[in-house]
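J.: A single structure is presented below for examination.
Chains as they are written, first to last, in the UniProt record's numbering: chain F, 1 to 352; chain V, 1 to 751; chain U, 1 to 172.
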């Protein structure tokens with residue numbers, strides 16, 4: 001690792017001040033940042049350890065019925081909070097489907113939002129990567145495309161966002177609370193992550209020194225708790241990033257879908273919300289036909305940058321399956337194989 | 001030297017000790033407490049840390065290194081480059097025999113593969129050395145590398161594997177195919193794979209004048225010592241290698257690798273002890289890998305489902321500068337009866353590190369293709385795959401006509417099939433579903449691995465206190481040498497295990513040979529057995545010649561050794577304890593040496609192979625293509641079993657390697673740079689616990705009077721063979737899709 | 001940049017000086033002589049360096065040593081109480097649930113963390129929760145069985161001791 005200064009501020013204000021200069025980075029769980037520092041893909045000159053900032057490790061009820069999750073709540077703690085898992089089961093399932101027990105214990109809510117892409121060319125300082133070194137080019141183009149995007153990419157960048165957690169967050173209209181030198185602001189989840197555009201190095205809306213302090217789930221998000229699932233297709237049963245994943249949530253009324261939410265993971269540089277699919281489902285009776293059409297709509301704009309066209313069809317099927325699982329109902333507890341196609345679905349033949 | 005004491009809680013000795021007992025590991029206590037000391041755990045006084053800088057291009061030249069920047073980094077002590085590396089007495093590119101591999105020891109600025117060491121930084125701390133290596137900021141002149149099997153010119157290598165002919169033709173394949181009622185041709189591909197032992201190679205080296213001491217994992221200490229002696233121009237006796245525990249080897253610690261030698265060179269350069277531990281990423285280059293293969297099989301069968309011809313052609317790669325050719329086609333030599341068999345190899349040269357022996361070299365990829373092809377042939381013949389295999393059962397080795405020294409494969413099939421419930425398998429694919437609608441498939445594969453022997457020597461001592469010592473420089477890389485060889489040792493000297501001090505894992509002991517080729521227990525065990533027999537014979541001579549001994553004059557009747565006593569063979573009531581014999585003879589101890597090696601005459605007369613049958617069940621999501629192995633049963637016959645617990649672990653391990661080969665592991669090469677783009681354990685997938693079901697193994701009894709005096713075959717590698725095919729065949733049975741490219745990934749099953 | 005860290009390791013107060021860029025794993029192994037935690041990857045992908053940090057299982061290769069300030073660190077070296085092995089260690093030993101042994105310390109620390117959270121896991125749960133520990137040899141089967149058997153043993157020991165307590169006896 002390149003040598004760096006290590007500071008441990010006592011307050012959020014101190015932290016924001018300490019990270020104001022370019023080259024400073026926040027350290028929380030460290031599961032992604034230290035990894036990148038070891039390979040040389042990240043080389044901050046100053047690490048601002050925010051892991052002990054007071055007050056950011058709490059889960060709080062909001063007066064409007066929403067929930068506020070401090071940015072330093074650990075992924076495992078959030079997933080194991082039984083009240084949280086009951087109210088937001090797809091999020092708990094997504095959290096538990098990610099990484100390993102060790103990493104879920106260390107990783108934080110805020111850090112998860114800021115995960116960098118797992119694109120191999122990004123992680124390799126010897127490769128050209130516009131995201132890591134703006135203007136250097138993209139060696140991922142023309143390389144193995146299995147992990148590459150099929151939505152929202154361009155010639156500058158074909159990377160995907162690796163988070164599981166962020167996929168249901170996108171579906172459920174989470175809000176990110178950010179503190180900077182100018183004070184606190186709130187950003188809709190949809191606007192937090194950015195597609196590459198011509199500035200793939202700008203992955204989020206955060207400015208230098210801004211700190212994610214909390215995540216809010218709006219009051220309405222809980223209305224999906226009876227029919228919400230996360231499904232993750234992967235190359236190992238556990239401890240693998242998604243090839244494709246989907247979060248699906250339904251609010252059913254009188255045999256019809258009153259409201260649907262759908263987001264995809266592993267397909268774009270950001271967690272991919274599917275508003276067209278949601279609109280198509282609203283008001284319709286649930287079922288294979290509706291789900292298939294929704295999946296088609298979700299991937300309507302998809303195209304493959306390499307020989308990863310299989311992901312487009314896989315994403316359709318994953319979306320349709322996640323909707324099917326959501327319709328079957330949220331299980332009483334997160335399955336022992338969270339978000340896995342091999343998790344049993346009591347009483348339902350979903351693979352017919 | 002720190003004493004390696006294999007402390008035992010008395011409770012773990014309650015099993016007694018001799019061959020065949022399921023003793024727990026003698027090294028277990030050290031390992032469960034974290035006290036077992038592996039190479040990188042050594043921190044001698046004055047230690048410096050070394051880190052290698054490796055090339056990011058695959059072919060070219062290093063044209064600039066910023067040595068000044070690295071030297072200026074706080075804590076950096078020295079930068080070793082081709083300009084200042086210590087002179088070597090031996091040329092690292094010399095190739096006196098096929099088992100000496102060319103090493104990259106900074107002999108020039110040339111780069112012959114990505115990941116090649118191009119410099120080394122020595123510092124007071126690991127962190128400083130690591131950053132120093134980054135600061136070297138190498139610049140290159142590079143040329144486009146040859147990366148894939150289509151990138152080079154094909155040629156027929158002079159030999160494959162450890163020296164086998166590249167081509168073997170028995171009978172007339174073309175005639176066999178022409179006469180066949182059914183013929184198939186299929187091409188299978190396997191990817192480059194990396195050994196990835198959990199312990200990356202490490203070396204702690206210290207020079208005292210021209211004496212060298214090193215802690216480093218080695219599957220063959222005596223060979224490593226010879227190589228070092230030649231490279232540094234010192235007598236082998238001046239070199240002490242300590243390798244009590246290897247954190248896995250699988251072939252990549254068989255022969256000394258370049259980075260291990262670089263650590264020794266660095267220690268010489270700076271005149272202080274140096275530790276060099278490779279990072280995970282640095283294992284992808286200089287320590288070997290399994291070559292990718294493209295295997296074309298052509299099979300013919302008559303109307304009864306009997307093979308009329310079997311041709312197995314393998315295209316594989318070696319490096320541009322050295323020779324190792326994965327002998328995949330040779331998996332077809334001894335398994336299925338056919339009047340015509342041809343096994344052929346071609347190779348291309350790529351800009352990669354030299355491939356190397358990797359758990360079941362040849363057999364693993366060869367069996368994957370052969371077992372898949374045999375299944376395809378069974379399908380073409382409309383036969384159950386197990387029935388097809390039985391119809392083509394080789395009663396003698398098909399290519400030579402030699403009888404097998406022993407072969408209990410039929411019983412492996414029968415017992416595995418029974419345990420698995422094979423008889424309920426529907427013939428047609430895509431006809432089984434579970435209660436959730438997942439596709440279910442059943443597959444079988446035959447396992448085979450040759451029963452090899454290398455050479456080893458052991459020393460046995462019987463002392464006047466009634467105890468004994470057995471010494472051999474054997475290697476425990478997890479297979480259980482500390483335990484199984486100690487069991488053999490106890491029986492060899494006729495003592496309870498508690499009375500025998502078993503010393504191993506160090507190069508100052510008699511040459512224990514190579515822990516590889518599934519031959520270590522057989523070879524080192526035979527050496528121990530013969531040393532024990534020799535020392536007991538000495539003791540017997542003393543007793544039989546002494547008229548005060550109850551064994552006096554036993555002469556032709558002879559004696560047997562048991563529980564620390566010699567008994568007359570014809571009258572076991574007449575016996576005498578070791579202590580009394582030595583006491584009376586006025587000797588503190590007697591000692592003898594013994595050797596283990598293959599019996600060349602027996603090897604001529606018999607085909608020697610271990611066999612097995614593996615049955616797999618997989619479930620496949622019909623829409624999403626994700627695959628999971630849900631049952632795996634392996635029945636194996638491998639001669640005498642020294643310790644069933646260690647053996648079961650070896651079978652499990654091999655079978656899980658089979659799962660990994662079939663479904664998970666592959667190095668993803670960048671076709672432009674020649675770099676593996678998943679050179680870590682996040683992207684290079686090996687199975688995790690959650691990928692596996694509870695496994696079952698059946699140890700089929702087999703007595704082999706010919707392989708060696710103890711009747712031992714090998715168990716370390718056979719589990720992979722058969723398993724890969726069984727899983728691939730189960731995937732086909734589940735889905736109706738025949739994937740001929742390994743690993744079988746979900747995109748290939750989406751339909 | 002040099003950092004002085006005051007921490008507790010396996011119950012003992014410990015103070016050390018390290019560079020800011022040194023990981024907890026490197027300090028344990030290189031400064032403190034606690035070499036039971038192994039480096040298999042240095043990137044959080046293999047679990048061989050698993051330790052407990054303030055009661056949570058983490059990869060010590062992804063924790064800066066400076067982050068251990070004021071924390072409780074538990075390593076494999078602290079798992080046995082003197083000569084008395086932890087039931088998991090004893091079971092791994094008795095069942096020969098290990099091979100080369102490099103992954104063993106990490107598995108034991110992780111399995112202990114699992115049983116503390118979930119004393120009665122199903123086989124699938126054990127397999128899922130130990131997915132962060134790789135074994136290349138590969139001894140997963142025996143490891144899983146050893147963890148399940150230990151859980152069963154500890155449960156029956158708990159029941160016994162509860163029974164004895166209710167009968168007015170003290171458990172040993």
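We put the beta carbon where it would ideally sit given N, CA and C, even for glycine.
DSSP three-state call for residue 338 of chain V: helix, strand or coil?
T.: coil
J.: Roughly how many angstroms separate the alpha carbons of residue 116 of chain U and residue 43 of chain U, rounded to a whole number?
T.: 26 Å
J.: Roughly how many angstroms lie between the CA atoms of residue 269 of chain F and residue 200 of chain F, to the nearest whole one?
T.: 9 Å
J.: What is the DSSP secondary structure of residue 646 of chain V, counted as helix, strand or coil?
T.: helix
J.: DSSP state of residue 231 of chain V, grouped into three classes?
T.: helix
J.: Would you kindly work out how many angstroms separate the C-alpha atoms of residue 17 of chain V and residue 496 of chain V, rounded to a whole number?
T.: Low confidence applies to residue 17 of chain V: its pLDDT is 47, below 50, so where it sits in the model is not reliable enough to give any reading.
J.: If you measure between the beta carbons of residue 218 of chain V and residue 241 of chain V, is that distance less than 8 Å?
T.: yes
J.: Could you check if residue 291 of chain F is buried or exposed, using at least 16 other CB atoms within 10 Å of its CB as the buried criterion?
T.: buried
J.: At a CB-CB cut-off below 7 Å, which residues of chain V make contact with residue 46 of chain U?
T.: 198, 681
J.: So which residues on chain F does residue 619 of chain V lean against when the C-beta distance must stay under 9 Å?
T.: 342
J.: Would you kindly check if the distance between the Cβ of residue 301 of chain V and the Cβ of residue 314 of chain V is under 8 Å?
T.: no
J.: Would you say the beta carbon of residue 270 of chain V comes nearer than 7 Å to a heavy atom of the ligand COA?
T.: The ligand content of the structure shown is nil, which means the ligand COA is not present either.
J.: Apart from the five residues on each side of it in sequence, which residues of its chain come closer than 6 Å, Cβ to Cβ, to residue 284 of chain V?
T.: 115, 194, 676, 679
J.: Between the C-alpha atoms of residue 505 of chain V and residue 253 of chain V, what's the straight-line distance to the nearest angstrom?
T.: The alpha-carbon separation between residue 505 of chain V and residue 253 of chain V amounts to approximately 14 Å.
J.: Leaving out the 5 sequence neighbours to the left and right, which residues in its chain are closer than 7 Å to residue 665 of chain V when beta-carbon positions are compared?
T.: 193, 684, 685, 686, 743
J.: Determine the direct distance from the alpha carbon of residue 211 of chain V to that of residue 9 of chain V, and round the result to whole angstroms.
T.: With a pLDDT of 34 at residue 9 of chain V, under the threshold of 50, the modelled position of this residue cannot be trusted, and the question is left open.
J.: In the structure shown, what three-state DSSP assignment does residue 166 of chain U receive?
T.: Only weak support exists for where residue 166 of chain U lies, its pLDDT of 45 falling under 50; the value from the coordinates is given anyway. In this structure, residue 166 of chain U counts as helix in the three-state DSSP scheme.
J.: How long is the line joining the alpha carbons of residue 14 of chain U and residue 60 of chain U, rounded to whole angstroms?
T.: 17 Å
J.: What is the rounded straight-line gap between the Cα of residue 422 of chain V and the Cα of residue 235 of chain F?
T.: 28 Å
J.: DSSP puts residue 439 of chain V in a beta bridge; with which residues?
T.: V/433, V/620
J.: As a quick exercise: from F/172, F/173, F/161, pick the residue whose alpha carbon is nearest that of residue 203 of chain F.
T.: F/161
J.: Taking a contact to mean a Cβ-Cβ separation below 8 Å, would you say residue 53 of chain V touches residue 177 of chain V in this structure?
T.: no
J.: When the Cα atoms are used, what is the spatial distance from residue 750 of chain V to residue 623 of chain V?
T.: Each residue's CA atom was taken as its position, placing residue 750 of chain V and residue 623 of chain V some 6 Å apart.
J.: By alpha-carbon positions, which one of V/606, V/673, V/593, V/703 ends up nearest to residue 140 of chain F?
T.: Of the candidates V/606, V/673, V/593, V/703, the one whose C-alpha sits nearest the C-alpha of residue 140 of chain F is V/673.
J.: Given residue 1 of chain V, which residues of its chain have a CB within under 6 Å of its CB, disregarding the five upstream and five downstream residues?
T.: The predicted position of residue 1 of chain V is uncertain, since its pLDDT is 32 and thus under 50; no value can be drawn from it.
J.: Can you grab the Cα-Cα spacing for the pair residue 752 of chain V / residue 258 of chain V, in whole Å?
T.: Only positions 1 to 751 of chain V appear in the structure, and residue 752 of chain V is not among them; the question remains open.
J.: How many whole angstroms separate the CB atoms of residue 726 of chain V and residue 614 of chain V, which I take to be in contact at a CB cut-off of 8 Å?
T.: 4 Å
J.: Taking one C-beta from the stretch 85 to 93 of chain V and one from the stretch 64 to 75 of chain V each time, how about it: are there three or more such pairs within less than 8 Å?
T.: no
J.: Around the C-beta of residue 38 of chain U, are 16 or more other C-beta atoms found within 10 angstroms, so that it is buried, or is it exposed?
T.: buried
J.: Kindly list, in the order they appear in chain A, the residues whose Cβ is closer than 8 Å to that of residue 1 of chain U.
T.: Within the model displayed, chain A is absent; protein chains F, V and U are what it includes.
J.: Could you give the C-beta distance for residue 54 of chain U and residue 126 of chain V, rounded to a whole number, given that I count them as a contact under 8 Å?
T.: Contact flag wrong, Cβ pair sits at about 26 Å.
J.: Specify the secondary structure class of residue 450 of chain V as computed by DSSP and reduced to three states.
T.: strand
J.: Among V/416, V/82, V/213, which residue has its Cα nearest to the Cα of residue 617 of chain V?
T.: V/416
J.: If distances are taken between C-alpha atoms only, which option among F/69, F/105, F/164, F/206 comes closest to residue 57 of chain F?
T.: F/69
J.: Report the rounded CA-to-CA distance for residue 352 of chain V versus residue 100 of chain V, giving the unit in angstroms.
T.: 18 Å
J.: Locate the beta strand (DSSP E) running through residue 603 of chain V, then write down its first and last residues.
T.: Element bounds for residue 603 of chain V: not the beta strand (DSSP E) but the alpha helix (DSSP H), 600 to 605.
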